[in-house]
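In this note's numbering, the protein residues as written are 78 to 288. Backbone N, C-alpha and C fix where the C-beta goes; we use that ideal spot for every residue, glycine too.
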């Protein structure tokens with residue numbers, strides 16, 4: 078019994094540390110503390126197909142933040158976390174973001190709605206990001222609501238689709254399968270620790286375009 082209580086306590090501590098990890102991500106990014114930011118990721122983090130490590134991540138972030146944005150603010154919301162084992166977890170985080178963005182026609186204030194599909198890993202007793210997959214719904218100037226298709230509308234770029242709904246098959250299935258009777262079949266509830274796994278099914282990870 079004591080061992081069970083200790084395991085539960087450890088899981089609660091892990092949940093809190095992972096939530097703090099996500100909050101630290103937003104603050105360090107918006108304050109441009111790139112050292113604090115990249116240290117939230119595993120030391121051998123994959124940056125591109127060829128490059129790994131925090132130094133390469135720091136350089137990529139510097140170029141992105143210095144050249145594409147004057148200022149940013151990331152507001153995190155709903156956060157679901159599930160454990161694969163005591164040292165590995167995955168989760169979904171809602172994020173509403175604002176960007177002061179230079180453009181040829183003058184600066185624009187771009188708002189964004191997205192979710193992160195995260196993988197977390199505990200290394201030497203501390204939780205890190207192993208991967209963050211950004212899935213976007215829209216990005217648009219504050220005064221131009223992103224109605225219709227191709228909701229990713231950055232200044233000086235052609236509009237394109239994000240991957241906001243591609244992480245889960247239910248969005249497509251909902252629109253493809255209208256109800257045929259008044260008492261549709263209801264699936265069994267997902268196991269407590271497999272809510273995200275059940276929702277995703279065999280859906281592959283979407284391909285992400287980062288601006």
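- Under the DSSP assignment, residue 115 falls in the alpha helix (DSSP H) whose first and last residues are 111 to 115.
- Here the alpha carbons of residue 145 and residue 107 stand approximately 13 Å from one another.
- Contact annotation: residue 207 and residue 193 have beta-carbon atoms that are not nearer than 8 Å.
- Inter-residue distance for residue 160 and residue 96 is about 13 Å (C-alpha atoms, whole angstroms).
- Beta bridge pairing from DSSP links residue 78 with no other residue.
- Under DSSP, residue 189 takes part in a beta bridge, and its partners are 174, 216.
- Under DSSP, the beta-bridge partners assigned to residue 210 are 194.
- Inclusion of residue 239 and residue 195 in the CB contact set at 8 Å is not warranted, their separation being larger than that value.
- The Cβ neighbour count for residue 122, taken over all protein chains shown within 10 Å, is at least 16; the residue is labelled buried.
- The bridge partners DSSP lists for residue 280 come to none.
- Secondary-structure assignment with DSSP links residue 123 through a beta bridge to 129.
- In the assembly as shown, residue 200 is an exposed residue. Its beta-carbon has fewer than 16 other beta-carbons within 10 Å.
- Between the C-alpha atoms of residue 218 and residue 228 there is a straight-line separation of about 11 Å.
- Between the region 230 to 246 and the region 272 to 287, the count of Cβ pairs shorter than 8 Å is three or higher; the stretches touch.
- Secondary structure of residue 260 (DSSP, three-state): coil.
- Per DSSP, reduced to three states, the secondary structure at residue 158 is strand.
- With respect to residue 134, residue 118 sits close: the two C-beta atoms are nearer than 8 Å.
- Its Cα nearest to that of residue 116, the residue 99 stands out among 126, 99, 246.
- With 16 or more other Cβ atoms from the protein chains shown falling within 10 Å of its own Cβ, residue 216 counts as buried.
- Rounded to the nearest angstrom, the Cβ distance from residue 178 to residue 214 is 17 Å, too far for a contact under 8 Å.
- Within a 10 Å sphere around the beta-carbon of residue 150 sit fewer than 16 other beta-carbons, which makes this residue exposed.
- In the DSSP assignment, the residues bridged to residue 151 are 174.
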